[in-house]
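Residue numbers (full-length UniProt numbering): 1 to 272.
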């Protein structure tokens, strides 16, 4: 299979441009069209019948699952899902019938996914692939809708330096520190580095569970043991394991409100 056709589907113009640029460097890849909505994607894939579809999970007018559900049963491209940081349901992608690429799109990872898709096409086990893919998509859809009921993350999949993915439950995270363009998730004696700004991380977690105490630190509310005044007059958050985290003035009011909501008035906790 020297040449193969590809359709890209994403509602972000920059993401489509990035996919196009990366595909230019993939030997044999021929981009036959791009779509930014569910309706346009269904029409394009049905007409062009590409070998591979690079498919965003979340679009403004629906999901990638909706698109696949609407395709004629004889249109069975290999599917590579494109999904943002959160990449709920990563475990379901570990099967062979579907693959995934996380945003921001890494050229090497995309080429690897495309190579796997080409191998499946060459193997020509179309019946088995379609059956497996539909089963996986059903699982993904169920988890997607479970996720949709809550707008906040409950777990993260973090890619290590070796490329392996580690599942981290946010219930295990004591606090989060900012390190330039990354955040470090502190989970007891270990930590995990995630390429995400602290502002973006804060937007993805439940504000009743995590509170910003400093421009460079978020703390899990349930881990706070006390707020203690330092020798310099600054107030520090003391976690249950003894970790001491400086607080910032602009976050004092929110911290106080969260602790009052959690514990009620507490004369033993200094006013922030």
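Glycine residues also receive a C-beta, built at the ideal position from the N, C-alpha and C atoms.
Pick from the options that is closest to residue i, judged by C-alpha positions
| i | options | result |
| --- | --- | --- |
| residue 239 | 173, 193, 100 and 199 | 173 |
| residue 8 | 191, 201, 64 and 207 | 64 |
| residue 17 | 157, 222 and 104 | 104 |
| residue 168 | 179, 180, 257 and 187 | 187 |
| residue 83 | 156, 197 and 257 | 156 |
| residue 263 | 222, 243 and 236 | 222 |
| residue 54 | 208, 113 and 39 | 113 |
| residue 175 | 224, 50, 115 and 66 | 224 |
| residue 195 | 106, 48 and 115 | 106 |
| residue 180 | 171, 170 and 198 | 198 |
| residue 13 | 56, 44 and 2 | 56 |
Contacts around residue i, its chain only, beta-carbon distance under 8 Å, and the 5 residues preceding and following it disregarded
| i | result |
| --- | --- |
| residue 234 | 246 and 247 |
| residue 60 | 11 and 37 |
| residue 214 | 245, 246, 247, 248 and 251 |
| residue 254 | 211 and 212 |
| residue 20 | 8, 31 and 34 |
Contacting residues, own chain, Cβ-Cβ under 6 Å from residue i (five flanking each side not counted)
| i | result |
| --- | --- |
| residue 110 | 22 and 101 |
| residue 193 | 182 and 184 |
| residue 217 | 177 and 245 |
| residue 70 | 42 |
| residue 159 | 165 |
| residue 15 | none |
Short Cβ contact (8 Å threshold) for residue i with residue j
| i | j | result |
| --- | --- | --- |
| residue 152 | residue 220 | no |
Whole-angstrom distance between residue j and residue i, CA atom to CA atom
| i | j | result |
| --- | --- | --- |
| residue 81 | residue 190 | 31 Å |
| residue 4 | residue 24 | 12 Å |
| residue 259 | residue 201 | 21 Å |
| residue 76 | residue 28 | 20 Å |
| residue 120 | residue 241 | 50 Å |
| residue 78 | residue 209 | 40 Å |
| residue 261 | residue 237 | 16 Å |
| residue 62 | residue 116 | 27 Å |
| residue 26 | residue 51 | 14 Å |
| residue 72 | residue 46 | 7 Å |
| residue 123 | residue 154 | 38 Å |
| residue 68 | residue 229 | 57 Å |
Cross-strand partners of residue i (DSSP beta bridge)
| i | result |
| --- | --- |
| residue 33 | 7 |
| residue 237 | 227 and 245 |
| residue 99 | 80 |
| residue 178 | 183 |
7 Å Cβ shell around residue i - same chain, five flanking residues per side excluded
| i | result |
| --- | --- |
| residue 274 | With the chain covering only 1 through 272, there is no way to say anything about residue 274. |
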